[in-house]
Amino acid sequence: MHGSGIAPSRRTALVTGGTGGIGRAVAVELARRGDRVLIVGRDPGRGDAVLAALEDAGPGGGHALVRADLALLRETARAADEVTGLTDRLDAVVLCAGVLAAVAEWTDENLERGLALNYLSRYLMVRRLLPQLIAAPSGRVVLVANAGKYRDTLDLDDPHLRRGRNRGLHVSGRTQFANDLFAVELAERVRDSRIEVTCVFPGLVATDVFRNARGLPRSVRAPAVAAQRLIAAAPATSARTPAFLAHDPAATGVSGAFYGPRRRRRRVPGRVSRPDRRAALWSVSEDLVRPWLPDARPAGVAAGPPPPADRQPAAAETRNA
1 MHGSGIAPSR RTALVTGGTG GIGRAVAVEL ARRGDRVLIV GRDPGRGDAV LAALEDAGPG
61 GGHALVRADL ALLRETARAA DEVTGLTDRL DAVVLCAGVL AAVAEWTDEN LERGLALNYL
121 SRYLMVRRLL PQLIAAPSGR VVLVANAGKY RDTLDLDDPH LRRGRNRGLH VSGRTQFAND
181 LFAVELAERV RDSRIEVTCV FPGLVATDVF RNARGLPRSV RAPAVAAQRL IAAAPATSAR
241 TPAFLAHDPA ATGVSGAFYG PRRRRRRVPG RVSRPDRRAA LWSVSEDLVR PWLPDARPAG
301 VAAGPPPPAD RQPAAAETRN A
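As structure tokens, this is what we get:
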């Protein structure tokens, strides 16, 4: 954990995946707006470089790096604990950490790596940091994902792809759909608090996401990288909408909303709004992360409805919704 002095009266924001790509750009933009920014990342060298950029971006300082590999839930839980040691309130949590993969891999915690990094770490991080979000005047949770673009290919009876197809774009696509369900369900569960939850699709961004994607066929990788060179937005441009939702006083009364580039509202698809799928995912997620969950639910957070007896509707029903 690296950082400098603390200014307790300032807004504090947490950005996961803050050492590169759009996460780094979001962190810099929030620092420019005056926030104290805590970033989570694996690489201390890159982290220190981002901390220097944050110090240059705006007044106030007090920024910090929390080192963690968020593909491991034990490290996610430890990172959340380090954050609680750095601040008793969080004005925003912006969840950017993620990976694109077209082949399933499994961690030493027996979890599918993409699901753990792209979704379960986000679920766990938010669950552990809810008291700090509730303590803020208007806590914001911003999920940087795909905001309704993916169909429902999420098999809750085989979340780690041990039995089903474990190659193809659905390996990552289902994790993006999980983020969509989570955003809407979380917004519903915290509706009696001051927390606002939004989900953002940043568009095509000039990062190494396709170049570094595991298992991506060359027939997909090459045109995707070429398209990035031609039309992708700079990370600083794509970071504006997540930063706006995390920081701006105008971004209130929008909990549960989906956004695209340039602050444009996106329709929340019917397949994402379904209470049965949302409740089923929450239940499965809670079971998967239970060893790392805090003991008690904070006041003001609804328990939510029980999951349906058959927690996964038929494939034709879910994929055509």
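The numbering of the sequence shown is the UniProt record's numbering, which starts it at 1 and goes up by one.
Glycine residues also receive a C-beta, built at the ideal position from the N, C-alpha and C atoms.
Self-check item: Residue from His247, Thr237, Ala222 and Asp248 with nearest C-alpha to Arg262
Solution: Locating residue 262 in the sequence shown gives position 262, where the first residue counts as 1. Considering only alpha carbons, the answer is Thr237.
Quiz item: Could you give the C-beta distance for Arg266 and Ala178, rounded to a whole number, given that I count them as a contact under 8 Å?
Solution: For the purposes of this step, residue 266 is taken as the residue at position 266 of the sequence shown. For the purposes of this step, residue 178 is taken as the residue at position 178 of the sequence shown. No, Arg266 and Ala178 are not in contact; Cβ-Cβ is about 17 Å, not under 8 Å.
Quiz item: According to DSSP, is Tyr150 helix, strand or coil?
Solution: Position 150 of the sequence shown, counted from the start, is the residue given in the question as residue 150. The answer is coil: DSSP assigns Tyr150 none of H, G, I, E or B.
Exercise. Would you mind listing the beta strand (DSSP E) stretches within the region 50–122 that are 3+ residues and don't spill past its ends, in chain order?
Key: 64–67 and 92–95
Self-check item: For Thr16: DSSP bridge partner residues
Solution: For the purposes of this step, residue 16 is taken as the residue at position 16 of the sequence shown. DSSP lists Val40 and Leu95 as partners of Thr16.
Quiz item: Hey, how far is the Cα of Gln228 from the Cα of Ala222?
Solution: One-based indexing of the sequence shown puts residue 228 at position 228. One-based indexing of the sequence shown puts residue 222 at position 222. So the alpha carbons of these two residues sit roughly 10 Å apart.
Quiz item: Are three or more beta carbon pairs between the region 164–176 and the region 114–126 nearer than 8 Å?
Solution: Yes: the two stretches touch, three or more of their Cβ pairs being nearer than 8 Å.
Quiz item: What is the DSSP secondary structure of Phe182, reduced to helix, strand or coil?
Solution: Along the sequence shown, one-based indexing puts residue 182 at 182. DSSP places Phe182 in helix when its eight states are reduced to three.
Quiz prompt | Boundaries of the beta strand (DSSP E) in which Leu143 is found, first to last residue | solution = Residue mapping note: residue 143 aligns to position 143 of the sequence shown, counting from 1. Residues Arg140 to Val144.
Self-check item: Nearest to Ala206 (by Cα), restricted to the options Gly215, Val197, Ser193 and Ala226
Solution: Within the sequence shown, residue 206 is the residue found at index 206, counting from 1. Among Gly215, Val197, Ser193 and Ala226, the Cα nearest to that of Ala206 belongs to Ala226.
Quiz prompt | Assigned secondary structure, Ala243 (DSSP; H/G/I helix, E/B strand, else coil) | solution = The sequence position of residue 243 within the sequence shown is 243, counting from 1. In this structure, Ala243 counts as helix in the three-state DSSP scheme.
Quiz item: Are at least three pairs of beta-carbons, each pair with one atom in the region 190–208 and one in the region 76–86, less than 8 Å apart?
Solution: Short answer: they don't touch.
Exercise. Please list, in chain order, all residues of the same chain as Arg10 whose beta carbon is under 8 Å from its beta carbon, the five residues on each side excluded.
Key: Here the question's residue 10 lines up with position 10 in the sequence shown. If we look at Arg10 and ignore the five residues flanking it on each side, its Cβ neighbours are Gly34, Asp35, Arg36, Gly60 and Gly62.
Quiz item: Considering only C-alpha positions, which residue in the set Ala243, Pro235 and Pro249 is nearest to Arg194?
Solution: As a working mapping, residue 194 is identified with position 194 in the sequence shown. Nearest C-alpha to Arg194: Pro249.
Self-check item: Ile22 classed as buried or exposed, judged by whether at least 16 other C-beta atoms fall within 10 angstroms
Solution: Here the question's residue 22 lines up with position 22 in the sequence shown. When all chains shown are included, Ile22 counts as buried.
Quiz prompt | Proximity winner among Asp157, Leu70, Arg162 and Thr153, relative to His170 (alpha-carbon distances) | solution = The residue labelled residue 170 in the question sits at position 170 within the sequence shown. Checking every option, the nearest Cα to that of His170 belongs to Thr153.
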